[in-house]
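Have a look at the structure below before the remarks.
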Amino acid sequence: MSTKAARNSHGQDSSYFLGWQEYEKNPYHPTTNPRGIIQMGLAENQLSFDLIESWLESNPDVLGLKHDGASVFRELALFQDYHGLPSFKNALAEFMAELRGNKVQFEPSNIVLTAGATSANEILMFCLANPGDAFLVPTPYYPGFDRDLKWRTGAEIIPIHCSSRNNFEITKGALEEACIRAQKKKLRVKGVLVTNPSNPLGTTLTRHELEILMNFISAKRIHLISDEIYSGTSFGTPEFISIAEVIKGRKDDVVDLVHIVYSLSKDLGLPGFRIGAIYSSNEAVIAAATKMSSFGLISSQTQYLLATLLSDKHFTASYMKENKRRIKVRHDQLVEGLAGIGIRCLESNAGLFCWVDMRHLLKDKTFNGEMELWKKIVYDVGLNVSPGSSCHCTEPGWFRVCFANISTETLDLAMKRLASFVESSGPGEASPTKSRGPKALMNWVRRSSLADRRTER
Ligand SMILES: Cc1ncc(COP(=O)(O)O)c(C=O)c1O
Numbered sequence: 001m002s003t004k005a006a007r008n009s010h011g012q013d014s015s016y017f018l019g020w021q022e023y024e025k026n027p028y029h030p031t032t033n034p035r036g037i038i039q040m041g042l043a044e045n046q047l048s049f050d051l052i053e054s055w056l057e058s059n060p061d062v063l064g065l066k067h068d069g070a071s072v073f074r075e076l077a078l079f080q081d082y083h084g085l086p087s088f089k090n091a092l093a094e095f096m097a098e099l100r101g102n103k104v105q106f107e108p109s110n111i112v113l114t115a116g117a118t119s120a121n122e123i124l125m126f127c128l129a130n131p132g133d134a135f136l137v138p139t140p141y142y143p144g145f146d147r148d149l150k151w152r153t154g155a156e157i158i159p160i161h162c163s164s165r166n167n168f169e170i171t172k173g174a175l176e177e178a179c180i181r182a183q184k185k186k187l188r189v190k191g192v193l194v195t196n197p198s199n200p201l202g203t204t205l206t207r208h209e210l211e212i213l214m215n216f217i218s219a220k221r222i223h224l225i226s227d228e229i230y231s232g233t234s235f236g237t238p239e240f241i242s243i244a245e246v247i248k249g250r251k252d253d254v255v256d257l258v259h260i261v262y263s264l265s266k267d268l269g270l271p272g273f274r275i276g277a278i279y280s281s282n283e284a285v286i287a288a289a290t291k292m293s294s295f296g297l298i299s300s301q302t303q304y305l306l307a308t309l310l311s312d313k314h315f316t317a318s319y320m321k322e323n324k325r326r327i328k329v330r331h332d333q334l335v336e337g338l339a340g341i342g343i344r345c346l347e348s349n350a351g352l353f354c355w356v357d358m359r360h361l362l363k364d365k366t367f368n369g370e371m372e373l374w375k376k377i378v379y380d381v382g383l384n385v386s387p388g389s390s391c392h393c394t395e396p397g398w399f400r401v402c403f404a405n406i407s408t409e410t411l412d413l414a415m416k417r418l419a420s421f422v423e424s425s426g427p428g429e430a431s432p433t434k435s436r437g438p439k440a441l442m443n444w445v446r447r448s449s450l451a452d453r454r455t456e457r
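Quick note, in the UniProt record's numbering, the sequence shown goes up one by one and the last residue is 457.
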């Protein structure tokens, strides 16, 4: 085996992936395996499949590879241009603008199509960093980045340590401190990568944070990658602000340092279709990324299908509205369910998960204590959630809990299981807020996190 193939930096032994393996061995099913593990460690959006399915039913030509009744099979079978189908790139550019309330426009020729955001992020690393160069990434971050950014490229991640004290906001101090750590390791910092809305926090970056990031990359002359894969999941206030809005109208060359990653895996719930994109106005990056994309193209029949679906403006508008509504309902169900058993979440306005504070349930306030609790939750309670340590969180006791890949009934059952676990835990492990009723708790959660945000920005 080559050194790369054998190298452990793929990150597959992280508890994030181990939890999935445990779930696979004993998956919950309401009738065939009612005591099995419930999968709450997978950020999948299964809430709006019916909307896409009914669109497909009313547009049978698309799956039959026909256009106006005539077959397009041969055309698609032969198509292998790595620039992608123009109709798909146009439709995707318009959809990306629509997701941002048409406050910004996207130029189709600045899009590179990739096999999902996984490939988009890796291609950007190949384009911007040499082996041994570093990107700064705020914690907690999506565990897949260890694989996507580092494994094959040889690039390094230096975490920007964010803290619960200010609701994990990105500050100038935290950015500078990460830079100093990179320098001590003799690593050249080539850029910052943020996820907005954040996985795993479920929060969106404020304009203030985005400006801090822009000033930082501009002063250091380094790149900024904004992974906006969850842009269509933002369901509440404050509204999602894309980095595209922040650089709109800027005439300086900092614009060439900013790159957006997008994918239809979350907003449309289509991770199996492998539809991703890089958006950049940097010509050199677009040219190199386009060449690299030939290792992971999107098949032409998928592009054809999505070009037709995304061009149906009536459908996209109603889908986005309804999908957000459903995400919010499910989010609220989880937050209220947890509040009822004395567990609070970071206040969030996007994503397919909540960032859940279980610090009071730790016997031992360390990462060992977190793993101990995680094992109990997986094996005794029967819920696969992701421990904060797998997201490189620096404080033990936080967990990412997903809510959009299971039914309402399964989510209710998960809350019941967790409630009996919390009740049976020793008195020393009880939450300080446990005696409050669910409504009072919700208000308390809201008040305290809003107050934190205001005072600590
Ligand atoms: C922040 C983030 N980026 C990228 C990805 C990978 O997405 P894709 O399925 O499009 O490769 C994920 C998937 O969970 C993610 O959460």
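Quick reminder that beta carbons are idealized off the backbone N, C-alpha and C, glycines included.
Going by the CB atoms, is the gap between residue j and residue i shorter than 7 Å?
i, j, result
"residue 350", "residue 230", "yes"
"residue 41", "residue 348", "no"
"residue 240", "residue 191", "no"
"residue 170", "residue 233", "no"
"residue 242", "residue 259", "no"
"residue 396", "residue 370", "yes"
"residue 206", "residue 197", "no"
"residue 222", "residue 189", "yes"
"residue 356", "residue 245", "no"
"residue 284", "residue 45", "no"
"residue 16", "residue 140", "no"
"residue 294", "residue 82", "yes"
"residue 63", "residue 72", "no"
"residue 398", "residue 388", "yes"
"residue 256", "residue 282", "yes"
To which residues of the same chain is residue i closer than 6 Å at the C-beta, ignoring the five residues directly before and after it?
i, result
"residue 216", "175"
"residue 227", "195, 261"
"residue 39", "23, 384"
"residue 304", "76"
"residue 168", "162, 201"
"residue 264", "270, 275"
"residue 148", "118, 121, 122"
Apart from the five residues just before and just after residue i, which ones in its own chain have a Cβ nearer than 7 Å to its Cβ?
i, result
"residue 381", "417, 418, 421"
"residue 36", "26, 27, 28, 29, 382"
"residue 18", "none"
"residue 4", "152"
"residue 288", "127"
"residue 307", "85, 87, 88, 91"
"residue 414", "38, 40, 383"
Our contact map puts residue i next to residue j with C-beta atoms below 8 Å; I'd like the distance itself, whole angstroms only.
i, j, result
"residue 79", "residue 311", "Not a contact, Cβ separation roughly 18 Å."
"residue 458", "residue 201", "Because residue 458 is not part of the residues shown, which for the chain are 1 to 457, the question remains open."
"residue 402", "residue 353", "4 Å"
"residue 177", "residue 153", "So it is not a contact: roughly 24 Å between Cβ atoms."
"residue 473", "residue 266", "There is no way to answer for residue 473, as the model of the chain reaches only from 1 to 457."
"residue 93", "residue 108", "4 Å"
"residue 235", "residue 172", "Wrong, their Cβ atoms sit about 29 Å apart, outside the cutoff."
"residue 95", "residue 316", "6 Å"
Among the residues of its own chain, which have a CB less than 8 Å from the CB of residue i, if the five just before and after it don't count?
i, result
"residue 248", "103, 104"
"residue 67", "61"
"residue 21", "none"
Report task. Kindly provide the ranges of any beta strand (DSSP E) runs that are 3 or more residues long and lie completely inside the region 213-268, ordered along the chain. Result -> Runs of the beta strand (DSSP E) inside the region 213-268: 223-227, 258-263.
Query raised in the report: Can you list the alpha helix (DSSP H) stretches of 4 or more residues lying completely in the region 5-77, in chain order?
Result: 15-25, 49-58, 60-63
Report task. For the region 292-370, list the beta strand (DSSP E) runs that are entirely contained and at least 3 residues long, ordered along the chain. Result -> 353-357
**Report entry** Segment contact flag, the region 262-279 with the region 99-116, C-beta cutoff 8 Å, min 3 pairs
**Finding:** yes
Query raised in the report: When the Cβ atoms of the region 129-136 are set against those of the region 290-305, are three or more pairs found closer than 8 Å?
Result: no
Requested in this report: State whether the region 158-169 contacts the region 386-401, with contact taken as three or more CB pairs (one from each stretch) at a distance under 8 Å.
Outcome: yes
Report task. Could you pull out every unbroken beta strand (DSSP E) segment of at least 3 residues lying fully inside the region 380-423, listed in chain order? Result -> 398-402
Requested in this report: Within the region 151-209, note down every full alpha helix (DSSP H) run reaching 4 residues or more, in order along the chain.
Outcome: 172-184
Query raised in the report: In chain order, which alpha helix (DSSP H) runs of at least 4 residues are fully inside the region 112-137?
Result: 116-128
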